[in-house]
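Quick note: the sequence shown, position 63, residue 63 per the UniProt record's numbering, numbers continuous.
No residue lacks a Cβ here, since even glycine has one placed at the ideal position from N, Cα and C.
All figures in this text were calculated on a predicted structure; none of them were measured in a lab.
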Amino acid sequence: MTASLSGKRILLIIGGGIAAYKCLDLIRRLRERGASVRPVMTAAAREFVTPLSVGALAADHVFTDLFDRQAEQDVGHIRLAREADLIVVAPATADLMAKLANGLANDLASTILLAAGCPVLFAPAMNPAMWAHPATRRNRAALSQDGIRFIGPNNGEMAESGEAGEGRMAEPMEIVAAIETLLDSAPKPLAGKRVVVTSGPTHEPIDPVRYIANRSSGRQGHAIAAALARLGADVRLVSGPVSIPDPAGVTVTRIESAREMREAVEALLPADAGIFVAAVADWRPANETADKIKKQKGTGAPALALVENPDILAGVGHHEKRPRLVVGFAAETRNVIDNARKKLDKKGADIIVANDVSHDSGVGDRGVMGGARNRVVIVSRDGEEAWPELEKEEVAERLARLVSEKLARQPK
Ligand SMILES: Cc1cc2nc3c(=O)[nH]c(=O)nc-3n(C[C@H](O)[C@H](O)[C@H](O)COP(=O)(O)O)c2cc1C
1 MTASLSGKRI LLIIGGGIAA YKCLDLIRRL RERGASVRPV MTAAAREFVT PLSVGALAAD
61 HVFTDLFDRQ AEQDVGHIRL AREADLIVVA PATADLMAKL ANGLANDLAS TILLAAGCPV
121 LFAPAMNPAM WAHPATRRNR AALSQDGIRF IGPNNGEMAE SGEAGEGRMA EPMEIVAAIE
181 TLLDSAPKPL AGKRVVVTSG PTHEPIDPVR YIANRSSGRQ GHAIAAALAR LGADVRLVSG
241 PVSIPDPAGV TVTRIESARE MREAVEALLP ADAGIFVAAV ADWRPANETA DKIKKQKGTG
301 APALALVENP DILAGVGHHE KRPRLVVGFA AETRNVIDNA RKKLDKKGAD IIVANDVSHD
361 SGVGDRGVMG GARNRVVIVS RDGEEAWPEL EKEEVAERLA RLVSEKLARQ PK
């Protein structure tokens with residue numbers, strides 16, 4: 001976990017909606033990233049979650065009352081507004097939106113919002129009919145005009161049974177990503193550069209219900225996509241089937257098989273750089289059947305004939321629209337560096353990131369594939385550089401910086 005919000009002070013205003021329960025997870029995720037969270041709850045919010053839970057997770061006092069004698073001795077509502085780097089309103093009720101859009105300040109939350117000097121992010125949550133109402137539309141437009149940022153709402157099922165539509169609060173991780181983007185003042189050396197990244201495994205169908213896959217989780221590729229996006233790149237991620245969320249600020253194309261991945265990657269060229277992290281299956285079943293293969297008495301197990309899949313890295317490395325920088329990952333279990341060096345030429349790559357995916361690699365407690373850590377050697381025509389065992393996010397940060405340096409040095 002990177003401390004992407006280290007030292008940031010977030011004032012979280014929790015409004016009175018069913019989605020208030022999601023704030024508990026949001027607080028946890030923000031604190032994991034190094035932020036301090038100071039909670040303010042409206043009276044309605046306290047009907048949905050208790051200040052006890054909120055305060056315990058935030059490890060701070062929960063502010064609820066505008067006329068709190070103790071807090072107001074030093075004009076607490078103004079201080080709360082001033083002592084934040086960002087104010088997040090989640091769930092932002094129709095009511096809170098209406099109040100701020102019209103300058104009302106009749107409780108602690110609305111008074112803080114009116115006194116705020118820092119950026120403010122609203123994560124609205126309400127019934128689709130409330131969200132679609134012309135009054136809410138007007139308030140949304142007025143707030144945007146006043147510089148308030150929004151994340152969501154999403155389309156989806158409502159807590160009320162049988163109701164669905166636009167009005168569901170953005171998920172905590174989406175809110176975290178929006179906050180990271182808002183508070184990110186880091187330099188953007190990759191601004192204006194398009195980078196294609198592949199990630200995850202591929203699924204090679206045997207029949208409509210079965211497939212061949214591998215243990216790749218997509219964690220390394222997704223972390224690299226996120227790190228490149230943080231440096232300002234226009235990142236196009238082509239992802240195989242994974243169970244982790246999309247990285248923030250990245251455009252994702254989802255595919256299943258190696259052939260679909262190749263097609264998606266080629267459609268994204270030209271690009272300044274291509275980073276091929278996906279664990280693409282080398283082979284696929286030769287004859288995918290349209291019907292499920294049935295067990296038949298007496299015939300024994302069916303034989304599975306395989307054919308070779310397209311080599312996506314080599315295809316791009318020798319492509320007429322080849323990116324200026326081509327980086328491939330090589331998962332090896334033996335002679336890791338030798339094999340990586342051979343791949344440089346064979347694949348037309350500038351860098352091969354070699355990693356030892358053998359069970360006894362000694363990396364983390366689950367090995368590299370599917371685990372949280374990685375140990376890589378960067379192999380290029382300039383030589384080799386062994387990096388220590390690191391969290392996959394840290395490998396991603398370092399690689400993104402390397403890509404940025406290489407692109408800056410290469411002729412256009
Ligand atoms: C069960 C229940 C669920 C509610 N859910 C929402 C909601 O998701 N969004 C919303 O804007 N209002 C919702 N309301 C209405 C608000 O709670 C109400 O407008 C309240 O005055 C908002 O106060 P606040 O903006 O100070 O938090 C809900 C009310 C009830 C009783």
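Reference residue i; option with closest CA among the options
i                 : options                        : result
lysine 99         : Ile148, Asn139, Leu237         : Asn139
isoleucine 244    : Val379, Ile87, Leu182, Met173  : Met173
alanine 290       : Arg168, Pro208, Arg398         : Pro208
cysteine 23       : Asp350, Val176, Asp146         : Val176
residue 421       : Val49, Asp311, Glu32, Arg194   : The requested residue 421 is not part of the displayed model; the chain covers only 1 to 412.
leucine 407       : Val195, Gly162, Gly17, Arg137  : Val195
isoleucine 277    : Leu237, Leu26, Arg341, Ala35   : Reading the sequence as shown, one finds valine at residue 277 and not isoleucine. Ranking the options by Cα distance to valine 277, first place goes to Leu237.
phenylalanine 398 : Arg409, Glu385, Gln410         : Checking the displayed sequence, the identity of residue 398 turns out to be arginine instead of phenylalanine. The shortest Cα separation from arginine 398 among Arg409, Glu385, Gln410 belongs to Glu385.
lysine 8          : Thr111, His133, Ile179, Gly315 : Ile179
glycine 315       : Thr333, Ala267, Arg341         : Ala267
aspartate 68      : Asp85, Ala84, Val40            : Val40
aspartate 95      : Glu308, Ile78, Met130, Phe63   : Met130
glycine 147       : Ala116, Arg38, Met158          : Ala116
residue 495       : Ala19, Ile10, Glu332           : There is simply no residue 495 to check, as the chain begins at 1 and stops at 412 in what is shown.
alanine 141       : Gln296, Phe122, Gly156, Met158 : Phe122
Helix, strand or coil at residue i according to DSSP, with G and I counted as helix
i              : result
methionine 261 : helix
aspartate 234  : strand
arginine 33    : coil
serine 53      : helix
glycine 221    : helix
proline 270    : coil
methionine 41  : strand
proline 285    : strand
threonine 299  : coil
proline 187    : coil
residue 415    : Absent from the structure is residue 415, since the part of the chain shown begins at 1 and ends at 412.
alanine 58     : helix
isoleucine 27  : helix
alanine 229    : helix
residue 416    : The question about residue 416 has no answer here: the residues shown for the chain are numbered 1 through 412.
isoleucine 13  : strand
alanine 20     : helix
arginine 375   : coil
arginine 149   : strand
glutamate 47   : helix
Delimiting residues of the alpha helix (DSSP H) encompassing residue i
i             : result
aspartate 382 : That residue, aspartate 382, is in no alpha helix (DSSP H); it is neither H nor E in DSSP.
valine 176    : 172–183
glutamate 394 : 392–409
glycine 315   : 312–317
glycine 76    : 76–82
leucine 304   : Unbroken run through leucine 304: none, as it is neither H nor E.
valine 89     : Taken as a continuous stretch (DSSP letters only), valine 89 belongs to no alpha helix (DSSP H), being part of the beta strand (DSSP E) at 86–92.
alanine 132   : 128–132
leucine 5     : Run containing leucine 5: none; DSSP gives neither H nor E here.
arginine 341  : 336–347
Range of the contiguous beta strand (DSSP E) that encloses residue i
i             : result
aspartate 356 : 351–356
arginine 194  : 194–199
proline 247   : Run containing proline 247: none; DSSP gives neither H nor E here.
leucine 108   : Run containing leucine 108: none in the beta strand (DSSP E); it sits in the alpha helix (DSSP H), 108–115.
proline 124   : 120–124
residue 413   : The displayed coordinates of the chain run from 1 to 412. Any statement about residue 413 would go beyond what the structure contains.
proline 157   : Note that residue 157 is glutamate in the sequence shown here, rather than proline. Element bounds for glutamate 157: 154–157.
Within-8 Å CB hit, residue i to chain B
i             : result
aspartate 356 : Looking at the structure shown, chain B is missing, and only one protein chain is on hand.
Cβ-Cβ separation, residue j to residue i (assumed contact under 8 Å), whole Å
i             : j             : result
alanine 354   : valine 379    : 6 Å
alanine 92    : proline 124   : 4 Å
arginine 168  : proline 153   : 6 Å
residue 440   : leucine 5     : In the structure as shown, the chain begins at 1 and stops at 412. Residue 440 is therefore absent and cannot be evaluated.
threonine 50  : histidine 77  : Going by Cβ atoms, the distance from threonine 50 to histidine 77 rounds to 22 Å, so no, they are not a contact pair.
valine 265    : threonine 181 : The pair is not a contact, with the Cβ atoms about 26 Å apart (cut-off 8 Å).
glutamate 332 : valine 307    : Not a contact, Cβ separation roughly 23 Å.
alanine 273   : valine 403    : 6 Å
beta-carbon residue i near ligand 2 non-hydrogen atom, thresh 7 Å
i          : result
glycine 17 : In the structure shown, ligand 2 is absent; the only ligands present are ligand 1.
Tell me, please, whether the stretch 182–194 touches the stretch 225–234 by the rule of three or more beta-carbon pairs shorter than 8 Å.
yes
Any chance the stretch 199–213 sits against the stretch 44–64, with 3 or more Cβ pairs inside 8 Å?
no
For the stretch 218–229 and the stretch 388–395, state whether three or more C-beta atom pairs, one from each stretch, are separated by less than 8 Å.
yes
Evaluate the contact criterion for the stretch 250–260 versus the stretch 318–333: three or more CB pairs, one atom per stretch, below 8 Å.
no
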